[in-house]
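Q: Could you have a look at this structure, given as structure tokens, before my questions?
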Amino acid sequence: MKLKQTLISLSILIGLVSCNNDDNTFHLKTVKLLEYSKKQSLPEQKLYIKAFSEDLPVSIAQTEEYPSVLPLPATLKMYPSPSMNLYGKNYHLELWGETSGYIGRCDIDMDDYKIVFPIDMEIETDSLSISMQGSWE
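As structure tokens, this is what we get:
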């Protein structure tokens with residue numbers, strides 16, 4: 016009986032520790048552009064996504080470029096792969112076009128995000144939908 020209680024306690028403890036990412040770092044590797052509302056009204060151009068930390072005035076990473084005439088969704092590699100403490104700081108992603116400039120923004124709010132897999136988080140606004148892929152450390 017004591018062994019059974021110990022095993023149950025141990026499995027609960029492991030579950031609680033594994034679900035806690037407060038001190039963990041997320042490494043953003045790729046971003047998937049799912050949809051953006053201004054697609055029809057913008058000219059043909061190359062699109063890219065920038066990652067920002069709220070405490071810095073410049074972007075911390077940027078994706079490769081993607082032609083707007085190609086179909087969505089589009090998975091884009093992030094350069095460099097930023098390390099992000101998503102539970103400790105505020106971050107956001109911005110969609111940019113080479114000719115039109117700023118197109119839209121998605122804030123990363125860990126209270127509101129939708130997890131598809133542990134390493135795939137969807138963030139969206141009325142005008143932009145993005146999925147972030149990476150790994151936890």
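All you need for our numbering is the position in the sequence shown, starting with 1, plus 15. We put the CB at the ideal spot given by N, CA and C, even for glycine. For clarity, every value in this text was computed on a predicted model and none was experimentally measured.
(1) Can you grab the Cα-Cα spacing for the pair E79 / N39, in whole Å?
(2) What would DSSP say about P58, mapped onto helix, strand or coil?
(3) Could you give the DSSP three-state label for P82: helix, strand or coil?
(4) I'd like to confirm the pairing. Which residues does DSSP put opposite G112 in its beta bridges?
(5) Provide the residue span of the beta strand (DSSP E) that contains M125, from first to last.
(6) Look at the Cβ atom of E59, then the Cβ atom of S83, and state whether they are nearer than 7 Å.
(7) Can you find the residues in the same chain that come closer than 7 Å, C-beta to C-beta, to F67, ignoring five residues on each side of it along the sequence?
(8) Does G119 get closer than 7 Å to chain D when you measure Cβ to Cβ?
(9) Excluding five sequence neighbours on each side, which residues of the same chain lie with their C-beta closer than 8 Å to the C-beta of W111?
A: Taking the geometry as given:
(1) Taking the sequence shown and counting its residues from 1, the one referred to as residue 79 is at position 64. Taking the sequence shown and counting its residues from 1, the one referred to as residue 39 is at position 24. Taking the straight line from one Cα to the other gives about 26 Å.
(2) What you label residue 58 is simply residue 43 of the sequence shown in a count that begins at 1. If DSSP states are grouped into helix, strand and coil, P58 belongs with coil.
(3) As a position in the sequence shown, residue 82 is number 67, starting the count at 1. Annotated three-state conformation of P82 is strand, per DSSP.
(4) As a first step, residue 112 must be located in the sequence shown, where it is residue number 97. Per the DSSP secondary-structure output, G112 pairs in a beta bridge with L62, G116.
(5) As a working mapping, residue 125 is identified with position 110 in the sequence shown. In the DSSP assignment, M125 falls outside any beta strand (DSSP E), carrying neither H nor E.
(6) Position 44 of the sequence shown, counting from 1, holds the residue named residue 59. Position 68 of the sequence shown, counting from 1, holds the residue named residue 83. The answer is yes: Cβ separation under 7 Å.
(7) In the sequence shown, residue 67 corresponds to position 52, counting from 1. S74, I75, Y106, H107, E109.
(8) This model lacks chain D altogether; it includes just one protein chain.
(9) Here the question's residue 111 lines up with position 96 in the sequence shown. Closer than 8 Å at Cβ, skipping near neighbours: L62, Y63, I64, K65, Y117, I118.
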